[in-house]
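This note's numbering puts the first residue of the sequence shown at 2, with every later residue one more than the last. Virtual Cβ for every residue (Gly too), placed ideally from N, Cα, C. Note that the structure is a prediction, hence the values are computed from the model and not measured.
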Amino acid sequence: CRMVRFFTMKRFIRKSLLRPRDRGELGALYLACFLLVTFLQFLERRAAGSETLVRYLRFIIDNQIAFVLIASAVVALLQYQMVVRSRQEIGCRILVGDRLSSISFRYAVECLAMLMFCCFLALSVNVVLGFSIVGGVYLAAALAVYAIGSTFFLGVQ
2 CRMVRFFTMK RFIRKSLLRP RDRGELGALY LACFLLVTFL QFLERRAAGS ETLVRYLRFI
62 IDNQIAFVLI ASAVVALLQY QMVVRSRQEI GCRILVGDRL SSISFRYAVE CLAMLMFCCF
122 LALSVNVVLG FSIVGGVYLA AALAVYAIGS TFFLGVQ
């Protein structure tokens with residue numbers, strides 16, 4: 002019964018390190034990255050039928066991975082800024098009895114849950130539109146690494 006109480010969603014959200022504004026911002030950033038992948042695939046498919054479009058969009062089509070990596074690096078940077086903003090709150094939580102490992106676990110689970118929701122949503126759009134989901138899966142893996150990596154900065158002073 003105690004374990005069930007530990008994992009209730011209300012308690013999990015109440016003890017979360019992310020505030021509603023941070024959740025919305027992070028979710029929007031994740032979704033923007035996935036939609037960028039979809040948009041780049043749309044441009045590639047659209048340009049395939051026209052030689053004129055291929056000439057104008059060649060740079061974008063050839064450097065899709067670079068654009069997605071830059072967007073995901075921006076997400077990682079903003080995620081790190083969220084961690085830095087919450088350091089004082091982490092110190093206060095530790096003073097009142099919470100453990101850093103519990104704080105890190107809750108933060109990682111929440112970030113990964115938002116990431117998986119956005120990933121599922123974007124991949125569903127890709128499937129409906131008939132686009133490849135490989136780029137979205139790679140992006141999800143990269144963003145998951147960033148999210149898990151940011152949890153290691155929670156306790157660093």
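Report yes if the C-beta distance between residue i and residue j is below 8 Å; otherwise report no.
i: L37; j: V69; result: yes
i: F1; j: V75; result: Residue 1 is absent from the model: the chain starts at 2 and stops at 158.
i: R47; j: L54; result: yes
i: A109; j: I149; result: yes
i: S105; j: T152; result: yes
i: Y147; j: A77; result: yes
i: I134; j: L124; result: yes
i: S17; j: R107; result: yes
Residues in its own chain within less than 7 Å of residue i by CB, not counting five upstream and five downstream?
i: I95; result: L101
i: C120; result: F35, G137 and A141
Spatial neighbours of residue i within its chain, please: CB distance less than 8 Å, with the 5 preceding and 5 following residues excluded, ordered by chain position.
i: G136; result: V38, L41, Q42, Q65 and V69
i: A49; result: V55
i: L130; result: T39 and F43
Would you mind working out which of the options sits nearest residue i, comparing C-alpha positions?
i: L144; options: Q80, V126 and R107; result: Q80
i: Y31; options: D99, A72, T152 and S87; result: A72
i: F235; options: L27, S103 and V97; result: Given that the chain is displayed from residue 2 to residue 158, the structure contains no residue 235 and the question cannot be resolved.
i: I61; options: L44, N127 and E52; result: L44
i: D23; options: C112, D99 and V128; result: C112
Between which two residues does the alpha helix (DSSP H) harbouring residue i extend?
i: S17; result: No alpha helix (DSSP H) contains S17, which DSSP labels as neither H nor E.
i: I71; result: Q65 to R86
i: L116; result: L101 to L130
i: G150; result: V135 to T152
Kindly list the residues whose CB is nearer than 6 Å to the CB of residue i, restricted to its own chain and excluding five residues on each side of it in sequence; keep chain order.
i: Q89; result: none
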